[in-house]
Structures are given as structure tokens and as C-alpha cells.
């Protein structure tokens, strides 16, 4: 764990020296002294070229205040790296060094990437089974609440967190933030050409803490919940672009960063769709590591077929009420689908924040069956003040996280290539990997019996399967005694050779897990 | 009607002279004598420039056999048109003439275009309410059956027909066609550089007959149901491209043509997706009138966000089992959605051809509520031989067409801007135009009572509405006595000021039609 701690230390106590050793996918940082006069954010250019054998990356550095400049780098390949800086200021130009990228620690699998078209995996190939949650403005709540949020996350099933860079001005979120991203005076007197290093030190500390908890940070770069209070939702185009480049220069070396261009992008009436296209292209061009990129919608969905979108981030609660709805987005976008907002478990008056825990867990399971991924959020009114998890963090009041931990365990124990529907557009219950592994989810139905029957793909007579009954709400796994042996029934279906059935307890939220265990004797 | 008859006459008895008068959106044709030696299909170039004031169109002519060349043109603007030909052969070069495009006859509204993003209208602005059907190989059945098909269509609700250019070799479709599109000897000895004018004369006669019945021809340019029997599904790229250009040169002047690049394009394993992209671009570039263009899928949907796609033509029966499924495609593609295959009313063993009439009509209504369009097909086993409507035409055995006529009447009587969901992703029953017109479809539910309640968009207190009960299966419209007056109930809904409800007969397939009739006195 030493390198991780080292990396974190740099964020808290910036050093003027660079590390000599960093783990693969760790955060290397070189600090340089340079000019503090004029406007270093705009006057000074700083890049660095990192090389190892035939691999070369050009990365952009940034001004961190007090005459200090930094260059960060995430080595994706182990071994010795060399770097040299380039600048329009001689103090920063031609500085060079070396460091070694060593084997990653056990919990470090690299950045998350798209895998098998519709799924995700870490850079080292380990599948990433997304169970996301949402605390939009958690980094703007002060240390006490922020530390409480981290503690809650540490014992939760969540491995991805949606969070905003900018503070939030919205119902239940009227408090001022501790830090502002730009130099100036709140509420609206900002110099958008000068960033506030303190703000970013704080953000980076939180990103590193999430990383060390194994949580991906789905970082929301713009959002409409400002409404002119600070004006970060209505900067001019040059300021938008400068902000994006600065954020990417600072944060791209964090392996757990995902770029979410916006929350409810279409509700930002000051921007056009071509602005969003441009923002994507800036982020794509600026990020040497090609972190995941998407954008979250209000009522109008962005065109996720655009080449700069890596996966579709979708708000639509209705889509995961039924796997046959959710799967349609896969066909349209041909990319991983993450339902980042499906309404929240809670009890607020707004219709988007009053799901039961059962309903939210049901939506996660529907998403899984569709071969897609779902996000959690919680909007219970707070007994004392406006601390709703969905925006500020804190502690859970709801009952879904425990069930999502059970779901995650099921996911971790499923095929590495991901869960896909077995007979898309025909059977809305069954997903898995044909011939090997099946999940059959009964949702709100309360069956007492299931005649063994599987769609023909990947099957032949005589394959032996074992069946388990999952109670997705009560979090139990019950093995069904004996085995089932396939035999062709008709043009579409194989049944058990002895027409065996599975007795079920007649409750809602049941699922079957069916695994191929052997060739049969038939 | 005179100009229509004239146009048709040209197709049957080609003349060497051009018309002096043609109705707007009619088919102008100039015939020219030229060389018959060599290979006129490939050796001779022929184009013509049609001009009227500042409007100019360059169109491509074609060789029609026996030394005759033709240039066709559909005038989209009334008035006097001039044309002049260009050719690499002097006999065909520099020929000029004039004609007058006169006012269209009553049934001629021009070509169908996209309107209001998700809907269709004729060129003159008349809404086109798509009620499609499918007779894939009807033009390959011989005159007796083909005339019977036309007779059936003439008294049907269908205003669009999906039909293949090439003959079909598939279950229930093993008969040889009467005509082949290329010169050569069946089954597989073809000269793909020489077309068979007889084949095209026949096709054009049928297109003109459909036009005169008010039916759009959704012309399927390629399909996989050849399987090498004739080889039209596996021509080389040059032959594919030549074929497309010839078809477009001959047929683009028919105002009722839509280009469907393929049926189940992804089942044509000899083609790649970039082939389809190229085909689209050829058709787009060759067609002076920009007729509608789409492509129908098997299990993989084409990327309908491509700029050359005008609307999404989709096979997915599951998508119209529920309006909330169907509407998702609108969000993804931002174009009109036509579910051209949702399984068929019939009784064949295949699971795609055994819907009840009730189920097929239900799917049409779901499509309507989603703001999309649906296609019909019928696959009843034929008492004597293999005449299934879906492929060969003939007569209907099913019960859905009468109900689709009722549906079409409802559509014709709805707002010109089209039916859209009122509260997308929240309310799967209600569509229309906010504040003016609502359809609430109850599907398979059997309600006995409906408390008047409408989503807030477009409403305020005191608006007066009238309600009718539609029985979509029994084809009745029953006015509810009295009126309903809006009053705000909560953050989302307006109810009747006196909390009036509508009594319903407790049967499936009911709908309500609700129209704003006046400002109230509140």
C-alpha cells in the first residue's frame, strides 16, 4: 500500500520533488518552481513528454498556485519511465527525470474500460460490475459530513459515485460550499481565468479517498443546479473550455476518474448541443488515458452513438421497470448502458424521489437482466436538516443498499464477459451466457413452480445444469437438489429430460441461477 | 384524373414523345431513340437538366431496351419546366423540350416527408398517418394473384406497402417469379451489367397502381431471402451499385416510392455495415427528390442516427407490447419510428407469425400512443396452397384490417402535428397534444371507471373538455354526456373541478378521446 499513501501525501503536502517509484496506474507527480507573476494560469504553457521504449505520452501540466507547477502522469505500463518538460518559460522548460512504475498493489486494477461491447473491465482485465450511487454535492459539505460519507461508502456495495465538481443550488441544497473553483468573491464576482488551488486540493483529496476505497468517481463537469447563483452554469465558451482543460490536466492521472460531461445537460439552456460536442472533444483530446466519457440527460437524450461517447449514461426510471425496455438502448447505442438515474429510494414529495426500496432493487435487477447497469440514490427527508444522501451524503436511511450488496455478489460471481439477454425481444426474464450460466428473474410475479426450460442457443441434448433459488429481497441462495438434463422440446426450447420442475416459494423478487456443470450421459 | 391515366399509359405503351402537361408531383417522361449496339446500360451516359426559374434538377436517364432511352422527372413545383439532355452519344445529347406542371388532382398530395421530427406529411402538408402492411413478393406472383392483391388493398386501410424488388426464396415462397431483373438464364446465369426492361415495366405498372390507390411503396432494394438460389443477395459491389443507380434512375420520379435499403439487412452475411452505408449514400446522391430512406433489421439494428436515414424502420415485436418501450427509440434516433415488423397475425408454427388479431391491433395502438407507427402482416396458412398475405398477397383471412381501418380513422381525426406522449417515461397510457387533444389507451386492462385526470402540461384551471369512449376492438365511439372542467389537483395533475369520473364498460382495448372544446367560466 505504500505507493498509494505516497500518492495521497502529495496531494495534501505538495512536494517540490518527484517520486522515484510509483505503482502501475498510480499517480506520478513532478512539482516545479516557476513564475508567480502575471496570470500563470493563462500566461504559462507547460507540457511534458513521458516515454518508455516505444510508448510516448504528451501530458499537460498545470499551475497550482504559490509559484508551483505540477505535471501528473498515470503509467499504464510497468518499467522505467523518462520525462522531459516543455514550457514557454525557461524555469519550467527542459526539466527531466525518471521513475519506475512497479507492480500494482492488490486492489489496484487500473482504470475502468469498456469490455465486450456492453460491459466494463479494469485495465488488468478484472470485470467491473457497476453498482453506482449518487451524492452530487458531497464535496461541498465540510469535512465532518464528508468524512461521514466516506465512512458510509466504505461499508457499502457501491463502486461508483456520481459527484459534481461545481457546488449545487437546488432544493435541499442551498448551503454555501466551503471552496469555490475560481478566484474571486462569492456569489458572482469571479475571475474565470484564475483557478482556486485550494478547491482542487480538496477535490483531489476526496478523489484519492474514493480511489482507495475502490470507488470510481463519475465526475460531473457541468450541471444546471446553479441557476445563476454563482454563474458556473453560464460561463462564456472560452471559460468553459479553459475550465475543462484545467480539470483534465489536474485529474486525468487519477485512475478512478470517469468524465460525465453533465447532469441533465439539456436543462442547461445556455448551452447548445454543439457546445456539448465540443466539450466532449476537448476532454477526449486532453486526456492521455481515455477515461470513460458520457453525459447524463434530463428529458432529451444525447446522441450516444457519437464516437467520443464511451457508454450511455441515462436518466430514465421507466426504462428499468422492464428489461425489454432497458435492452432497447443497447441496440440503439451499441455501447454499455448505465442507468445513472432511475428515481431514488426516498420519501420526498417529488415523484422522482419516492421509490420504495423494493422498487429500486427491482429496477437494478431488471437492468442486470437487460445486460445494463443501474445507479442508486436516496432521498429520505432528514430528521434534523436537509442532509439527503442523493446530494450531500451522510448515512443511509434506506433498505436498498444491503440488497444491492447481495446483487453485487451475484454479479461478481457471474461470467467475466458480462450478463446479456439470452433471447432478446422474446424472453424478458432470462439473461446470462448461453449454454453456461443463466439468471431468470421473476420480478413482481410470485411463482410457485418453474418448469425447467431454456432457449436453444448454446444448448444440445444431455447437458447437465444445477439450479439455485435466489430471494433477491431476503438475500438468500437455496440450492435445488439434484440436477437437470437438457432435452430438445421444440424449435425454440430445451426442457429437462424428465420434465422436472423447480418448486418456488411464491414470493415476489425471486430469481433462479442456473449453471452448466457437466456433459450428461445422454 | 386525366394526367394520372396518361402517366400510367406511358408505362405500359412507351411513347417516343414527351407529355406537354403533367400534374405537379406527376411523372413526366421523355423517350429518346438511341444506340442499341454494345451494352447500352453501361456504354451510354444520359442525364437531363430540368429548370424552372431558379429551380434546377439534374436527373439521370436510363436505357429501356430496343434502342429506347428515357428520362423521368417529378416536378415538385408547378409551372413551365424546360429540360435539356446530356449524353456521350450525339443521338441523345442536347435534346430539349418543355412541359407544364399543372395543379395536382385531388388525391395527389406529393411525396411523403418527415414532419414535426417524429411524424410524416405529404409534400402539400397533408399529414400522412402510416398504416402499413407487408406483401414482400407480391409482384412475383403473376397477374391473377397480383390483381387480386390490388383489389384487396383498394378496400383496405393500408396506405403503405412493404415490397421487395427481387424475388423471394423462403418458406411458403418457393415459386419462380415471372420476371427477372437481369438479362440471363435462371437460376444463376446472369449478366448483371444488363437489366431486363420487362421486369421493370412490370414493377412500374404495379407501383403506379399502388400510387393510384393512394398507397406508398416501401421498396425493399435488397433482402436475404435468396440464399444463393438466384444470387441477387451476393452480387459483387460494382453490380450492387449499378443496380441501385438504375433502380433510382427509373423509379425516383414515382411520388409514392420510399427506399428501404433492405429487409433484415444484418442477415445478409455477404454484406458489411459499410456496404450499407455506401448503398444509402448512393441512393441519397442519385435521388433528386429525397424520398424517404431507411433499412429494416433482423436482430441487429442499423445506426439510424446516420444522416442519410430519414426514419427508423424497425423489426421488434416486443417494442410495441408497451408504449414505454416503443418511445425509447424516438429518444435515441430523433426521427420518425416505423415498426415495420412486429410479428404477424396468423397461425404458422414460427413464433413470429402467430399473433391473434387482438394482439396485433393492440400493438398498433401501443405504437400510436408512443408517437410511432406500426406495420401489419398476415401469415395464415392457406387452405389450398402457400398464398400467405405477408409474402404473396391475395385476400385477408384475419380480423385486424377492419380494426386498423377504425384506428386510421382515429388517426386522421387527430392533430395535424401528430400524436406524442404527454408525460413520457411517466405515463404510458396517454398521448396526444397537450392542452388540446388526448388519447388514453387502456390496452388489456378492463377498467370500469376513469377519474378525469390529465398531466399539467398545457393546462390551467377552467378549461373545458369533452370525452368519448372508443372501443378499439368493437369499433365504436361513444360520447360521454356533459363536459369536464380542469382544476389543479397537485404538482403534476389537473382533475375535473367537480371530481367527475368516466364510467367504462370493463372490457379490454378501450380508449378515451378527450378534446378541448372551450375556455371555462372559472
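Protein chains in written order, with this note's numbering: chain A, 235 to 756; chain B, 235 to 756.
Backbone N, C-alpha and C fix where the C-beta goes; we use that ideal spot for every residue, glycine too.
Check: Buried or exposed: where does residue 637 of chain A fall if 16 or more other Cβ atoms within 10 Å of its Cβ makes it buried?
Finding: Here residue 637 of chain A is taken as the residue at index 403 of the first chain, counted from 1. The residue is buried, with at least 16 neighbouring Cβ atoms inside 10 Å.
Notebook entry, point to check: In chain order, which continuous runs of the beta strand (DSSP E) of length 3 or greater are located wholly inside the stretch 407–438 of chain A?
Noted result: If you keep only unbroken beta strand (DSSP E) runs of at least 3 residues inside the stretch 407–438 of chain A, you get 416–419, 423–429.
Next item on the list: Please decide whether residue 260 of chain A counts as near chain B, where near means a Cβ-Cβ distance under 9 Å.
Entry: Here residue 260 of chain A refers to the residue found at position 26 when the first chain is read from its first residue. Not one chain B Cβ lies under 9 Å of residue 260 of chain A.
Notebook entry, point to check: In whole angstroms, what is the alpha-carbon distance linking residue 552 of chain B and residue 560 of chain B?
Noted result: By 1-based counting over the second chain, the position of residue 552 of chain B is 318. By 1-based counting over the second chain, the position of residue 560 of chain B is 326. Straight-line Cα distance between these residues: approximately 9 Å.
Next item on the list: Identify whether residue 706 of chain B lies in helix, strand or coil by the three-state DSSP scheme.
Entry: Stepping through the second chain from its first residue, residue 706 of chain B is reached at position 472. If DSSP states are grouped into helix, strand and coil, residue 706 of chain B belongs with coil.
Notebook entry, point to check: Residues in its own chain within less than 8 Å of residue 762 of chain B by CB, not counting five upstream and five downstream?
Noted result: In the structure as shown, chain B begins at 235 and stops at 756. Residue 762 of chain B is therefore absent and cannot be evaluated.
Next item on the list: At 7 Å on the CB atoms, spell out the chain A contacts of residue 539 of chain B, in chain order.
Entry: What you label residue 539 of chain B is simply residue 305 of the second chain in a count that begins at 1. By Cβ distance, chain A contributes 537, 539.
Checklist line | Span separating the alpha-carbon of residue 529 of chain A from that of residue 352 of chain A | finding: Translated into the one-based positions of the first chain, residue 529 of chain A becomes position 295. Translated into the one-based positions of the first chain, residue 352 of chain A becomes position 118. Across the structure, residue 529 of chain A and residue 352 of chain A are spaced so that their CA atoms are roughly 17 Å apart.
Next item on the list: Pull up the distance between the alpha-carbon of residue 388 of chain A and that of residue 734 of chain A, whole angstroms please.
Entry: For the purposes of this step, residue 388 of chain A is taken as the residue at position 154 of the first chain. For the purposes of this step, residue 734 of chain A is taken as the residue at position 500 of the first chain. In this structure, the CA atom of residue 388 of chain A is about 44 Å from the CA atom of residue 734 of chain A.
Item checked: Straight-line gap, residue 665 of chain B to residue 452 of chain B (C-alpha atoms, nearest Å) -> One-based indexing of the second chain puts residue 665 of chain B at position 431. One-based indexing of the second chain puts residue 452 of chain B at position 218. Roughly 27 Å separates the two Cα atoms.
Notebook entry, point to check: Do the stretch 452–468 of chain A and the stretch 497–507 of chain A touch if we need at least three Cβ pairs shorter than 8 Å?
Noted result: A contact is defined here as three or more CB-CB pairs under 8 Å, and the stretch 452–468 of chain A meets this definition with respect to the stretch 497–507 of chain A.
Check: If we call anything under 9 Å between Cβ atoms a contact, is residue 603 of chain A one with residue 663 of chain A?
Finding: Here the question's residue 603 of chain A lines up with position 369 in the first chain. Here the question's residue 663 of chain A lines up with position 429 in the first chain. Result yes, Cβ atoms of residue 603 of chain A and residue 663 of chain A sit closer than 9 Å.
Next item on the list: Check the Cβ-Cβ distances between residue 510 of chain A and every residue of chain B, and say whether any is below 9 Å.
Entry: In the first chain, the residue the question calls residue 510 of chain A occupies position 276. Not one chain B Cβ lies under 9 Å of residue 510 of chain A.
Next item on the list: Go ahead and label residue 276 of chain B buried or exposed: buried means 16 or more other beta carbons lie within 10 angstroms of its beta carbon, across all protein chains shown.
Entry: To locate residue 276 of chain B, count along the second chain from 1; it is residue 42. Exposed: under 16 other Cβ atoms inside 10 Å.
Checklist line | Below-9 Å beta-carbon distance, residue 649 of chain A vs any chain B residue | finding: Here residue 649 of chain A refers to the residue found at position 415 when the first chain is read from its first residue. Not closer than 9 Å to any Cβ of chain B, the Cβ of residue 649 of chain A fails to qualify, so no.
Notebook entry, point to check: Should residue 724 of chain B go down as buried or exposed, given a rule of 16 or more other Cβ atoms within 10 Å for buried?
Noted result: Position 490 of the second chain, counted from the start, is the residue given in the question as residue 724 of chain B. Label assigned to residue 724 of chain B: exposed.
Item checked: Rounded straight-line distance, which links the Cα of residue 372 of chain B to that of residue 625 of chain B -> What you label residue 625 of chain B is simply residue 391 of the second chain in a count that begins at 1. What you label residue 372 of chain B is simply residue 138 of the second chain in a count that begins at 1. Approximately 6 Å between the Cα atoms of the pair.
Notebook entry, point to check: Is it true that the CB of residue 370 of chain B sits closer than 9 Å to the CB of residue 429 of chain B?
Noted result: As a working mapping, residue 429 of chain B is identified with position 195 in the second chain. As a working mapping, residue 370 of chain B is identified with position 136 in the second chain. Not closer than 9 Å, so no.
Note to self: Would residue 604 of chain B pass as an interface residue toward chain A - the criterion being a Cβ-Cβ separation below 9 Å?
What the structure shows: As a first step, residue 604 of chain B is located in the second chain; it is residue number 370 there, counting from the start. No, residue 604 of chain B does not count as interfacial toward chain A.
Notebook entry, point to check: residue 403 of chain A: which of A/357, A/579, A/467 sits nearest, CA to CA?
Noted result: In the first chain, residue 403 of chain A corresponds to position 169, counting from 1. Closest by C-alpha distance to residue 403 of chain A, out of A/357, A/579, A/467, is A/467.
Margin query: For a test of the three-state rule: what should DSSP assign to residue 603 of chain B, helix, strand or coil?
Written below: As a working mapping, residue 603 of chain B is identified with position 369 in the second chain. If DSSP states are grouped into helix, strand and coil, residue 603 of chain B belongs with the helices.
Check: Which first and last residues belong to the beta strand (DSSP E) in which residue 667 of chain A is found?
Finding: Counting from 1 along the first chain, the entry for residue 667 of chain A is found at position 433. Residues 664–667.
Next item on the list: Give the straight-line distance between the Cα atoms of residue 245 of chain B and residue 490 of chain B, rounded to the nearest whole angstrom.
Entry: For this step, residue 245 of chain B is matched to residue 11 along the second chain. For this step, residue 490 of chain B is matched to residue 256 along the second chain. With a pLDDT of 42 at residue 245 of chain B, under the threshold of 50, the predicted position of this residue should be treated as unreliable, and no value is reported.
Check: Does the stretch 473–487 of chain B touch the stretch 286–303 of chain B, meaning 3 or more C-beta pairs lie closer than 8 Å?
Finding: Between the stretch 286–303 of chain B and the stretch 473–487 of chain B, the count of C-beta pairs closer than 8 Å reaches three or more; the two stretches touch.
Note to self: If you follow the beta strand (DSSP E) that residue 327 of chain A is in, where does it begin and where does it stop?
What the structure shows: Residue mapping note: residue 327 of chain A aligns to position 93 of the first chain, counting from 1. That residue, residue 327 of chain A, is in no beta strand (DSSP E); it is neither H nor E in DSSP.
Check: Quick one: is residue 397 of chain B buried, meaning 16 or more other Cβ sit within 10 Å of its Cβ, or exposed?
Finding: Within the second chain, numbered from 1, the residue matching residue 397 of chain B stands at position 163. Burial is judged here by how many other beta carbons sit within 10 angstroms of a residue's own beta carbon; residue 397 of chain B has at least 16 and is buried.
Notebook entry, point to check: Relative to the C-alpha of residue 390 of chain B, which residue among B/368, B/544, B/408, B/399 is closest?
Noted result: Within the second chain, residue 390 of chain B is the residue found at index 156, counting from 1. When each option's Cα is compared against that of residue 390 of chain B, the closest is B/368.
Check: Taking the alpha-carbon positions, what's the residue 619 of chain A to residue 380 of chain A distance?
Finding: Taking the first chain and counting its residues from 1, one reaches residue 619 of chain A at position 385. Taking the first chain and counting its residues from 1, one reaches residue 380 of chain A at position 146. The straight-line gap from Cα to Cα measures roughly 16 Å.
Next item on the list: Check whether the stretch 405–415 of chain A touches the stretch 324–339 of chain A, counting contact only when three or more Cβ pairs, one atom from each stretch, lie closer than 8 Å.
Entry: These segments do not touch.
Check: With respect to the beta strand (DSSP E) encompassing residue 508 of chain B, which residues constitute its N-terminal and C-terminal limits?
Finding: Counted from its first residue, the second chain places residue 508 of chain B at position 274. For residue 508 of chain B, there is no enclosing beta strand (DSSP E); the enclosing alpha helix (DSSP H) covers residues 507–520.
Next item on the list: Use the C-beta contact count for residue 438 of chain A: other C-beta atoms within 10 angstroms, 16 or more gives buried, fewer gives exposed.
Entry: On the first chain, position 204 is the one that residue 438 of chain A refers to. Counting every other CB atom within 10 Å of its CB across the protein chains shown gives residue 438 of chain A a total of 16 or more, marking it as buried.
Checklist line | Buried or exposed by the 16-neighbour rule on C-beta atoms within 10 Å, applied to residue 655 of chain A | finding: To locate residue 655 of chain A, count along the first chain from 1; it is residue 421. With 16 or more other Cβ atoms within 10 Å, it is buried.
Item checked: Nearest-angstrom beta carbon gap, residue 686 of chain A and residue 750 of chain A [assumed within contact, 8 Å] -> In the first chain, residue 750 of chain A corresponds to position 516, counting from 1. In the first chain, residue 686 of chain A corresponds to position 452, counting from 1. Incorrect: roughly 13 Å between the Cβ atoms, too far for contact.
Note to self: My output table needs one value for residue 244 of chain A: the three-state DSSP class, helix, strand or coil.
What the structure shows: As a working note, residue 244 of chain A is residue 10 in the first chain. Note on residue 244 of chain A: pLDDT 41, under 50, position unreliable in the model; the coordinate value appears next. If DSSP states are grouped into helix, strand and coil, residue 244 of chain A belongs with the helices.
Notebook entry, point to check: Whose CA, out of A/684, A/433, A/567, lies closest to the CA of residue 543 of chain A?
Noted result: Reading the first chain from its first residue, position 309 is the one you call residue 543 of chain A. Considering only alpha carbons, the answer is A/567.
Notebook entry, point to check: What are the residues of the stretch 655–666 of chain A that lie near chain B, defined by any Cβ-Cβ distance shorter than 9 Å?
Noted result: For the stretch 655–666 of chain A, the residues whose beta carbon sits under 9 Å from a beta carbon of chain B are, in order, 658, 659, 660, 662.
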